[in-house]
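Accompanying notes for the structure given below.
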Amino acid sequence: MDSFCKSARDSASPFNCLVFDLDDTLYSSRTGIAEALRKNIDDYLVEKCGFAESKASSLRSELFRTYGSSLAGLRALGYDIDADDYHSYVHGRLPYHLIKPDPQLRNVVLSIPQRKIIFTNSDGAHAIRVLKRLGLEDCFDQIICFETMNPNLSKSTHPNEFPVLLKPSLDAMQIAIQAADVDPRHTLFLDDNHRNVAAGKTVGLRTVLVGKSVRTMEADYAVEAVKDLPKVIPEIWAVPVEGRDQALVRTRSEIDSIPTPTPVGA
Ligand SMILES: [Mg+2]
Numbered sequence: 001m002d003s004f005c006k007s008a009r010d011s012a013s014p015f016n017c018l019v020f021d022l023d024d025t026l027y028s029s030r031t032g033i034a035e036a037l038r039k040n041i042d043d044y045l046v047e048k049c050g051f052a053e054s055k056a057s058s059l060r061s062e063l064f065r066t067y068g069s070s071l072a073g074l075r076a077l078g079y080d081i082d083a084d085d086y087h088s089y090v091h092g093r094l095p096y097h098l099i100k101p102d103p104q105l106r107n108v109v110l111s112i113p114q115r116k117i118i119f120t121n122s123d124g125a126h127a128i129r130v131l132k133r134l135g136l137e138d139c140f141d142q143i144i145c146f147e148t149m150n151p152n153l154s155k156s157t158h159p160n161e162f163p164v165l166l167k168p169s170l171d172a173m174q175i176a177i178q179a180a181d182v183d184p185r186h187t188l189f190l191d192d193n194h195r196n197v198a199a200g201k202t203v204g205l206r207t208v209l210v211g212k213s214v215r216t217m218e219a220d221y222a223v224e225a226v227k228d229l230p231k232v233i234p235e236i237w238a239v240p241v242e243g244r245d246q247a248l249v250r251t252r253s254e255i256d257s258i259p260t261p262t263p264v265g266a
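Number 248 in the UniProt record's numbering belongs to position 248 of the sequence shown; there are no gaps in the numbering.
This is how it looks when you write it as structure tokens:
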């Protein structure tokens with residue numbers, strides 16, 4: 001690993017590390033997973049917290065907007081919700097079979113020479129299940145997830161003792177930078193949520209808005225899908241300074257060997 005990281009540091013690439021969000025970033029928001037997740041959260045609000053069925057959906061949206069997630073919101077409002085119980089309810093029952101292996105994405109991710117890290121608000125069990133479904137379980141060096149940002153939650157004696165930390169909170173971003181041990185100026189952060197991208201920019205990361213063709217003010221780049229990275233940000237694969245010409249040939253052919261995604265509607 002050390003020599004691997006060193007070669008990335010010595011390269012002409014402006015990036016030493018790539019940090020990827022998971023849901024709606026490594027797979028499309030149109031798989032049906034996001035919809036099923038919203039339904040599970042609504043059911044949780046009704047079944048476990050006693051809210052009226054007619055209010056659940058609007059309450060979920062409001063908690064997300066204000067607190068970053070329903071779990072964070074419920075705990076901030078004083079509900080003693082156990083995070084593991086919440087995650088096994090809302091994530092444990094997701095139709096994971098809707099996420100299909102993505103060999104094209106795997107090729108692109110494996111061709112990236114820098115360290116690759118997952119940074120997700122979801123719990124670790126969900127992250128691993130999604131990566132396995134995509135065929136990417138062996139492609140990342142580290143997973144930074146809910147548990148990384150909230151290590152003391154299970155020790156709390158009341159719901160407000162440790163506020164739930166999640167993207168886009170700047171504290172959560174700093175925890176991730178520390179956990180990843182990266183220099184944000186040389187780290188590329190990819191996320192489908194523009195608020196997360198804005199938070200990334202604030203803490204000094206280079207940013208990519210995923211799922212959009214037009215970038216927001218805080219995004220340095222925009223890609224429709226992660227597999228478009230070779231076309232949109234070829235400098236990720238920039239070559240070592242020594243032996244530049246030779247390496248350029250090799251790298252160019254490596255980039256060309258990455259399958260070109262089929263354009264939407266083609
Ligand atoms: Mg996301």
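All C-beta atoms in this analysis are idealised placements derived from N, C-alpha and C, irrespective of residue type, glycine included.
Linking Tyr67 to Lys231 through their CA atoms gives a straight-line distance of about 36 Å. Rounded to whole angstroms, the gap between the alpha carbons of Ser13 and Leu98 is 36 Å.
Shown here, Arg93 sits in coil according to DSSP, grouped into three states, outside any helix or strand. Proximity of the beta carbon of Asp123 to ligand 1 is not indicated: no heavy atom of the ligand is located closer than 7 Å.
Straight across, the Cα-Cα distance linking Ser70 with Lys132 is about 26 Å. In this structure the segment 184-193 lies against the segment 16-24, because at least three pairs of beta carbons, one per stretch, are closer than 8 Å.
Here the distance from the Cβ of Asp192 to the nearest heavy atom of ligand 1 is below 7 Å.
Between Ala127 and Cys145 the beta-carbon gap is near 5 Å, inside 8 Å, which marks them as a contact. Between Ala238 and the set Pro113, Gln142 and Lys39, the nearest pair of CA atoms involves Pro113.
Counted as a single uninterrupted DSSP element, the beta strand (DSSP E) harbouring Thr187 occupies residues Thr187 to Asp191. Taken from the Cβ of Asp21, at least one heavy atom of ligand 1 lies inside 7 Å. For Glu218 against Thr207, the beta-carbon gap comes to about 6 Å, under 8 Å, which counts as contact. Sixteen is the threshold: since fewer than 16 other Cβ atoms of the shown chains lie within 10 Å of the Cβ of Pro101, the residue is exposed. A straight-line Cα-Cα distance of about 8 Å links Asp80 and Leu74. Below 8 Å, too few C-beta pairs join the segment 175-187 and the segment 104-111 to call them touching: fewer than three. Shortest Cα-Cα distance from Arg65 to any of Glu53, Leu166 and Asp85 involves Leu166.
In its chain, beyond the 5 residues on either side, Ala56, Ser57 and Arg60 have a beta carbon closer than 7 Å to the beta carbon of Asp42. Short of 7 Å from the beta carbon of Gly211, and not among the five residues preceding or following it, lie these beta carbons of its own chain, in chain order: Asp24, Ser29, Asp192 and Glu224. The DSSP-derived three-state label of Leu63 is helix. Going by C-alpha positions, Lys116 is about 41 Å away from Glu53. With a threshold of 7 Å, the Cβ atom of Asp24 counts as near ligand 1, since some heavy atom of the ligand is closer than that. Judged by DSSP in its simplified three-state form, Ala222 adopts strand. A Cβ-Cβ contact shorter than 8 Å links Ile175 with Met149.
Leu94 places its beta carbon less than 8 Å from that of Ile33. Per DSSP, the beta-bridge partners of Leu18 are Lys116 and Leu188.
Looking from the CA of Glu47, the closest CA among Val90, Pro151, Thr120 and Tyr221 belongs to Val90. For Leu209, the beta-bridge partners assigned by DSSP are Asp191 and Ala222.
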